[in-house]
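K.L.:
Dumping the structure here so I can ask a few things about it.
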Amino acid sequence: MRETLIVGNWKMNGSISLIKEMVETLRSEIDVNNLPCTVAFCPPALYVDSFLAAVKDTGIKVGTQNIYPKPSGAFTGEISAPMLKEWQVDFCIVGHSERRSYFGETDEMVNQKSAILLENGIRPIICVGETLDQRESGEHESVVIDQLNKALANLSSDQLKSCVIAYEPVWAIGTGKTATSEQANQMHKVIRKQLEAISGSETAEAFPILYGGSANAKNAAELLAQSDIDGLLVGGASLKPADFSTMIKAKS
Ligand code: PGA
-16 MRETLIVGNW
-6 KMNGSISLIK
4 EMVETLRSEI
14 DVNNLPCTVA
24 FCPPALYVDS
34 FLAAVKDTGI
44 KVGTQNIYPK
54 PSGAFTGEIS
64 APMLKEWQVD
74 FCIVGHSERR
84 SYFGETDEMV
94 NQKSAILLEN
104 GIRPIICVGE
114 TLDQRESGEH
124 ESVVIDQLNK
134 ALANLSSDQL
144 KSCVIAYEPV
154 WAIGTGKTAT
164 SEQANQMHKV
174 IRKQLEAISG
184 SETAEAFPIL
194 YGGSANAKNA
204 AELLAQSDID
214 GLLVGGASLK
224 PADFSTMIKA
234 KS
């Protein structure tokens, strides 16, 4: 049985009051101590403490959206993996297309960030995905395979077992244009095949591969029903308590 994860990526959104509203809604809508799958939120780092306090007696987990790949030092404005470990954060998103395009995050940085997170016991959620141009020119599979190979280079087999992959076609993020469940599942199969080449068939079979890109309360059940879609990385809809709780229920 593969792990299913539903992860909210708040990006640069949210507030203390939204954390309260979200957790109250989830408490009233679902059994937060007996969740149907792994549920996590990645709020802006400034809200991690408040989020952790709000979900303390629940099974809900907390992550962040970025780290700098050094343990400490003169890197003004950055946070490190050992700091996340101290906070008892479970996940960190790495290589999101917004970080790749606005902040110059390269595949090499994705690899370095993943490695230092794993050394500190934090599971990286490694994002891969093609642009519209790359899909239209038929390069989408090779682009994603290349991103995967570089992101996972030199990780040990034990480390690979803690990683999560999120397939997020750039053209579907925040656009309301979801990949069809067939398009997404097809790419997830390509990813799993490549994971098999990287990590062997047993690890690849168990590897959670999430879909992200305009996932919402309406399409969650169909996406989650696909053979190779093991969860969702949710942006916009994770800011809407009722919608996010519907998405979790779509798993149960
Ligand atoms: P979206 O964002 O659900 O708003 O498209 C997904 C993401 O960027 O992780």
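Residue 135 in the working numbering sits at position 152 of the sequence shown, and the numbers go up by one each step.
Beta carbons: idealized from backbone N, C-alpha and C, even for Gly.
Taking the CB atoms as reference points, tell me whether V31 and T47 lie closer together than 9 angstroms.
P.N.:
Contact flag set, yes.
K.L.:
In angstroms with no decimal places, state the Cα-to-Cα distance between G104 and A200.
P.N.:
Each residue's Cα considered, the two are about 31 angstroms apart.
K.L.:
Here's the rule: buried if 16 or more other CB atoms are within 10 angstroms of the residue's CB, otherwise exposed. What is S210?
P.N.:
By the 10 Å Cβ count, S210 comes out exposed.
K.L.:
Of the choices K234, A162, P224 and I108, whose alpha-carbon is the least far from that of F190?
P.N.:
Looking at the Cα atoms, I108 is the closest of the given residues.
K.L.:
For ligand 1, is there a heavy atom less than 8 angstroms away from the beta-carbon of K223?
P.N.:
Because no heavy atom of ligand 1 lies under 8 angstroms away, the Cβ of K223 does not count as near it: no.
K.L.:
Would you call the CB atoms of V(-10) and F74 closer than 9 angstroms?
P.N.:
It is a contact, given that the beta carbons lie within the stated cut-off.
K.L.:
I'd like to confirm something about T158: is its beta-carbon nearer than 8 angstroms to some heavy atom of ligand 1, or not?
P.N.:
Yes, the Cβ of T158 comes within 8 angstroms of a heavy atom of ligand 1.
K.L.:
Between C244 and ligand 1, is there a pair consisting of the residue's CB and a ligand heavy atom that are separated by less than 8 angstroms?
P.N.:
It is not possible to answer for residue 244, since the shown part of the chain is limited to -16 through 235.
K.L.:
Which same chain residues, not among the five before or five after N168, have their C-beta less than 7 angstroms away from its C-beta?
P.N.:
Around N168: Q209, S210, D211 and I212.
K.L.:
Take A187 as the anchor and find which of V147, L1 and S164 has the nearest alpha-carbon.
P.N.:
The option with the nearest alpha carbon to A187 is V147.
K.L.:
Roughly how many angstroms lie between the CA atoms of M170 and N17, to the nearest whole one?
P.N.:
Their Cα atoms are separated by approximately 31 angstroms.
K.L.:
What's the C-alpha gap between F34 and V45?
P.N.:
Taking the straight line from one Cα to the other gives about 7 angstroms.
K.L.:
For G195, collect the residues of the same chain with a Cβ closer than 6 angstroms to its Cβ; drop the 5 residues on either side in sequence, then sort them by chain order.
P.N.:
Hits under 6 angstroms: A149, E151 and L216.
K.L.:
According to DSSP, is T163 helix, strand or coil?
P.N.:
Note: T163 maps to coil in three-state DSSP.
K.L.:
Which ranges does the beta strand (DSSP E) cover as unbroken runs of at least 3 residues, wholly within the stretch 197 to 224, from first to last along the chain?
P.N.:
Fully enclosed beta strand (DSSP E) runs of 3 or longer: 214 to 217.
K.L.:
Would you mind reading off the limits of the beta strand (DSSP E) that contains V(-10)?
P.N.:
Where V(-10) is concerned, the enclosing beta strand (DSSP E) stretches over L(-12) to N(-8).
K.L.:
Looking only at its chain, what residues have a beta carbon closer than 7 angstroms to the beta carbon of V72, apart from the 5 residues adjacent to it on each side?
P.N.:
The residues are V31, V45, G46, T47 and I105.
K.L.:
If you count every other CB in all the chains shown that lies within 10 Å of the CB of G112, and 16 or more means buried, which is it?
P.N.:
It counts as buried.
K.L.:
Around the C-beta of S139, are 16 or more other C-beta atoms found within 10 angstroms, so that it is buried, or is it exposed?
P.N.:
By the neighbour-count rule (16 or more Cβ atoms within 10 Å), S139 is not buried but exposed.
K.L.:
Could you give the DSSP three-state label for F86: helix, strand or coil?
P.N.:
Three-state DSSP puts F86 in a helix.
K.L.:
Taking 8 angstroms as the cut-off, does the CB of E151 come closer than this to any heavy atom belonging to ligand 1?
P.N.:
Yes.
K.L.:
Can you give me the Cβ contacts of L135 inside the same chain, cut-off strictly under 6 angstroms, excluding the 5 residues immediately before and after it?
P.N.:
Excluding positions up to five away in sequence, the list reads I181.
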